[in-house]
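Asks: Below are the structure tokens for one structure; questions will follow.
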Amino acid sequence: MTNEAIPPRIHVLAKPAGAACNLNCAYCYFLNKERLYPGSRFRMSDEVLKNYISQLIESHRTDKVAVAWQGGEPTLMGIDFYRRAIELQEKYRRPGMTFENTMQTNGTRLNAEWCEFFRENNFLIGISIDGPRELHDAHRVDKRGQPTFDRVMRGLRLLQKHGVEYNVLVTVNRINADHPREVYRFLRDEVETSWIQFIPAIERLKDGAVSLNQEGTTVSERTVEPEQWGNFLMAIFDEWVRHDVGKVFVQTFEAAVRNWLGLGSSGMCVFDPTCGHGLALEHNGDLYACDHFVEPKYLLGNIRQRHMTDLVGSEQQRQFGRDKLDTLPRTCCECEVRFACHGECPKNRFLTTADGEPGLNYLCAGYKSFFHHIDRPLKIMAQLLRRGSEAAQVMQVLDQLDAGPAAAFAKVGRNEPCPCGSGFKFKKCHGRDGINRYKTARVQPVRRSQTPARADALEQITSENP
Ligand code: SF4
Ligand code: SF4
């Protein structure tokens, strides 16, 4: 196998406790994966762990190695399992190699010992939280159906107290999707987080029941609706682009900036033309094409029998990645916002287009609205970044544009890019035949005094793609 068939970095989500979890979140797509391994204890053995760490290191042609732990609930393995993982990373590492351990957890089992361990070993922790109490507890309950908000917040505050780096992951469902500003302001102002991921909750139904595999063309009543998803993102974007650029990082918006800049990769597989570089490792060593396709058809093999590098570079996996592009329906190919959307994730492509072609994304209507809605501010941000300015200056530009076209265009040189974000020189755009044209394209006015922009946005969007 040629080196080109294998990416220099492999991103694997390891599930050492499989689908096992101490909670019972209503929409969790992974809980029913327990049925794939009947009778299993769902605990990764030392043999599989050794294989995983050594092969992950051997698969890398870079010095930075990402080691991602997920579940189910990965803390169910106990802290000693991760101490051993760190020991093995030290044992097998090549000179100059560094590790970035990340863990996605529901946060309810964290204590001071876990937090100290995370800080000492520089873990980045992702906490799953769906918004303020009522919105979070609507679906995130334990095995007895009891709410979990207080336990999650306790875990979060412990991470903060111990100085552990963390971000938050919000699953957007039919209930919290109607409260975008409430969710966002809660995370920003009360949790005081600066890194947020939003993922849509989509449960496909087959014969009226949530399907184990990606099958069925109807969805559960918990599933976010396409327009709801678009409205949710737009409402938060409008608040973010006016007040928080450079201070709060929303993964979907960062990916959009990268695509508006034409950087080649958005940093999110769902918004890239192809995929297949983020695999899932089950507790017994089974390696699957993707975290969302942990099902028999997408099993590549077991790392105890075949090296991870071979499995990642296999024709089966490369075909999986190419399929994302090859199966794009004509509606997407001709879509104005394809460069930003790329038909999103194949797991959500279960609608039929107006032409009768299968494979349209369930969330299409929402994405179309969202990407059109953010076009103008994103063009402004891209323009700022291309000329070496901070993306956060977009907030001032929008404020000036709100104050009136005259203020926005007063100091612009004839040959400078037009502040409206068109990409044309000022003299070829609003500087040519009057500034009134801009009136038709104003973004929603939201006023608040601005804080100085920070350079973090640029660093973030130009950072290496995982
Ligand atoms: S199937 Fe979806 S989640 Fe999986 S790698 Fe492809 S785009 Fe990403
Ligand atoms: S917005 Fe809809 S039509 Fe356009 S690329 Fe995305 S899924 Fe396809």
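The sequence shown begins at -10 in this note's numbering and counts up one residue at a time.
The beta-carbon is built from N, C-alpha and C at its ideal position, and this holds for glycine as well.
1. For Arg122, name the three-state secondary structure that DSSP assigns.
2. Since Ala6 contacts Gly60 with CB under 8 Å, what's their CB separation in whole angstroms?
3. Can you determine whether any heavy atom of ligand 1 sits closer than 7 Å to the C-beta of Val259, and answer yes or no?
4. Taking only runs that begin and end inside the stretch 331 to 375, name each unbroken beta strand (DSSP E) of 3 or more residues, in chain order.
5. So, at 6 Å on beta carbons, what are the nonlocal neighbours of Thr207 in its own chain, with the 5 sequence-adjacent residues on each side left out?
6. Between the beta-carbon of Asp280 and the beta-carbon of Gly267, is there less than 8 Å?
7. Confirm, please, whether the CB-CB distance from Val159 to Phe187 is below 8 Å.
8. Throw me the rounded Cβ distance for the Val141 and Thr182 pair, which I believe falls under 8 Å.
9. For ligand 1, is there a heavy atom less than 7 Å away from the beta-carbon of Phe282?
10. Three Cβ pairs or more, each shorter than 8 Å: is that satisfied between the stretch 292 to 299 and the stretch 43 to 58?
11. Would you report the Cα separation of Cys407 and Leu250, rounded to the nearest angstrom?
12. Decide if the stretch 234 to 245 is in contact with the stretch 298 to 317; the criterion is three or more beta carbon pairs, one per stretch, under 8 Å apart.
13. Arg163 and Val213 - do their beta-carbons sit closer together than 8 Å?
14. Under 8 Å between the Cβ atoms of Asn110 and Ile75?
15. Please confirm if the stretch 315 to 333 is in contact with the stretch 284 to 296, defined as three or more CB-CB distances below 8 Å between the two stretches.
16. Would you mind sorting Arg338 into buried or exposed? The rule is 16 or more other CB atoms within 10 Å of its CB.
17. Mind checking which residues open and close the alpha helix (DSSP H) that includes Asp312?
18. Just to confirm, are Asp119 and His125 a CB contact at a threshold of 8 Å?
19. What residue range is occupied by the uninterrupted alpha helix (DSSP H) comprising Ser255?
20. Alpha carbon to alpha carbon, what distance is there between Gln306 and Arg(-2)?
21. Closest to Trp218 by C-alpha separation, out of Thr91, Phe413, Leu352 and Ser378, would be which residue?
22. From Lys4 to Thr263, what does the alpha carbon distance come to, in whole angstroms?
23. Taking the C-alpha atoms as reference points, what is the distance between Asp233 and Cys418?
24. Please report how far the alpha carbon of Ala329 lies from the alpha carbon of Asp261, in whole angstroms.
25. Could you have a look at Phe238 and say whether DSSP puts it in helix, strand or coil?
26. Exposed or buried, which one is Thr87 when buried takes at least 16 other CB atoms within 10 Å?
27. May I ask you to report which of helix, strand or coil DSSP gives Val153?
28. Cys104 to Thr64, Cα distance in whole Å?
29. I'd like the ranges of any alpha helix (DSSP H) spanning at least 4 consecutive residues and lying wholly in the stretch 389 to 423.
30. Which same chain residues, not among the five before or five after Tyr173, have their C-beta less than 7 Å away from its C-beta?
31. Note down, in chain order, each residue of its chain lying with its Cβ closer than 8 Å to the Cβ of Val401, except the 5 sequence neighbours on either side.
32. How many angstroms separate the CA atom of Tyr513 from the CA atom of Glu333?
33. Hey, how far is the Cα of Tyr16 from the Cα of Arg365?
34. Quick check: the Cα distance between Lys368 and Asp312, rounded to an integer number of angstroms?
35. Using the three-state DSSP reduction, which class does Phe112 fall into: helix, strand or coil?
36. For Asn350, is the beta carbon positioned less than 7 Å from some heavy atom of ligand 2?
Replies: In short, the structure shows the following:
1. Counted from its first residue, the sequence shown places residue 122 at position 133. DSSP, reduced to helix, strand and coil, places Arg122 within a helical segment of the structure shown.
2. Position 17 of the sequence shown, counting from 1, holds the residue named residue 6. Position 71 of the sequence shown, counting from 1, holds the residue named residue 60. With 8 Å as the limit, Ala6 and Gly60 qualify as a contact, their Cβ atoms being about 6 Å apart.
3. Counting from one through the sequence shown, the residue named residue 259 turns up at place 270. Yes.
4. 347 to 349
5. By one-based count along the sequence shown, residue 207 stands at place 218. Counting only Cβ-Cβ distances below 6 Å, and skipping sequence neighbours, we find Leu194.
6. Residue mapping note: residue 280 aligns to position 291 of the sequence shown, counting from 1. Residue mapping note: residue 267 aligns to position 278 of the sequence shown, counting from 1. Yes, the Cβ-Cβ distance between Asp280 and Gly267 is below 8 Å.
7. Taking the sequence shown and counting its residues from 1, one reaches residue 187 at position 198. Taking the sequence shown and counting its residues from 1, one reaches residue 159 at position 170. Yes; because the gap between Cβ atoms is below 8 Å, this pair is in contact.
8. Walking along the sequence shown from the start, residue 141 turns up at place 152. Walking along the sequence shown from the start, residue 182 turns up at place 193. Between Thr182 and Val141 the Cβ distance is about 13 Å, and since that is not below 8 Å, they are no contact.
9. The count along the sequence shown starts at 1 and reaches residue 282 at position 293. Yes, the Cβ of Phe282 comes within 7 Å of a heavy atom of ligand 1.
10. Contact between the stretch 292 to 299 and the stretch 43 to 58 is present: 3 or more CB-CB pairs across the two stretches fall below 8 Å.
11. Position 418 of the sequence shown holds residue 407. Position 261 of the sequence shown holds residue 250. Rounded to the nearest angstrom, the two C-alpha atoms are 17 Å apart.
12. Contact fails: fewer than three Cβ-Cβ distances are below 8 Å.
13. For the purposes of this step, residue 213 is taken as residue 224 along the sequence shown, with counting starting at 1. For the purposes of this step, residue 163 is taken as residue 174 along the sequence shown, with counting starting at 1. Contact flag set, yes.
14. Stepping through the sequence shown from its first residue, residue 110 is reached at position 121. Stepping through the sequence shown from its first residue, residue 75 is reached at position 86. Cβ distance < 8 Å, so Asn110 and Ile75 count as in contact.
15. Too few Cβ pairs lie closer than 8 Å, so no.
16. Taking the sequence shown and counting its residues from 1, one reaches residue 338 at position 349. So Arg338 ends up on the buried side.
17. As a working mapping, residue 312 is identified with position 323 in the sequence shown. It spans Glu304 to Asp315 - the alpha helix (DSSP H) in which Asp312 sits, taken as one unbroken run.
18. Indexing the sequence shown from 1 puts residue 119 at position 130. Indexing the sequence shown from 1 puts residue 125 at position 136. Against a cut-off of 8 Å, the Cβ pair of His125 and Asp119 comes out as a contact.
19. Here the question's residue 255 lines up with position 266 in the sequence shown. Run containing Ser255: none; DSSP gives neither H nor E here.
20. Translated into positions along the sequence shown, residue -2 becomes position 9. Translated into positions along the sequence shown, residue 306 becomes position 317. Straight-line Cα distance between these residues: approximately 15 Å.
21. As a first step, residue 218 must be located in the sequence shown, where it is residue number 229. Closest by C-alpha distance to Trp218, out of Thr91, Phe413, Leu352 and Ser378, is Leu352.
22. Against the sequence shown, residue 4 aligns to sequence position 15. Against the sequence shown, residue 263 aligns to sequence position 274. Using only the alpha carbons, I get a separation of about 24 Å.
23. Translated into the one-based positions of the sequence shown, residue 233 becomes position 244. Translated into the one-based positions of the sequence shown, residue 418 becomes position 429. Approximately 29 Å, taken between the alpha carbons.
24. The residue you call residue 329 lines up with position 340 of the sequence shown. The residue you call residue 261 lines up with position 272 of the sequence shown. Separation of Ala329 and Asp261 (C-alpha to C-alpha, rounded to the nearest whole angstrom) is 8 Å.
25. On the sequence shown, position 249 is the one that residue 238 refers to. DSSP places Phe238 in strand when its eight states are reduced to three.
26. As a position in the sequence shown, residue 87 is number 98, starting the count at 1. Per the 10 Å Cβ criterion, exposed.
27. Looking up residue 153 in the sequence shown gives position 164. The answer is coil: DSSP assigns Val153 none of H, G, I, E or B.
28. By one-based count along the sequence shown, residue 104 stands at place 115. By one-based count along the sequence shown, residue 64 stands at place 75. One C-alpha to the other measures close to 12 Å.
29. 394 to 398
30. Position 184 of the sequence shown, counted from the first residue, corresponds to residue 173. Only Ile225 and Glu228 meet the Cβ criterion.
31. The residue given as residue 401 occupies position 412 in the sequence shown. The residues are Cys407, Pro408, Phe415 and Gly420.
32. For the chain, the structure presents residues -10 to 455; residue 513 sits outside this window and is missing.
33. Taking the first residue of the sequence shown as position 1, residue 16 is located at position 27. Taking the first residue of the sequence shown as position 1, residue 365 is located at position 376. Rounded to whole angstroms, the separation of the alpha carbons of Arg365 and Tyr16 is 35 Å.
34. The sequence position of residue 368 within the sequence shown is 379, counting from 1. The sequence position of residue 312 within the sequence shown is 323, counting from 1. So the alpha carbons of these two residues sit roughly 30 Å apart.
35. The sequence position of residue 112 within the sequence shown is 123, counting from 1. Phe112: coil per DSSP, three-state reduction.
36. Taking the sequence shown and counting its residues from 1, one reaches residue 350 at position 361. The answer is yes for Asn350.
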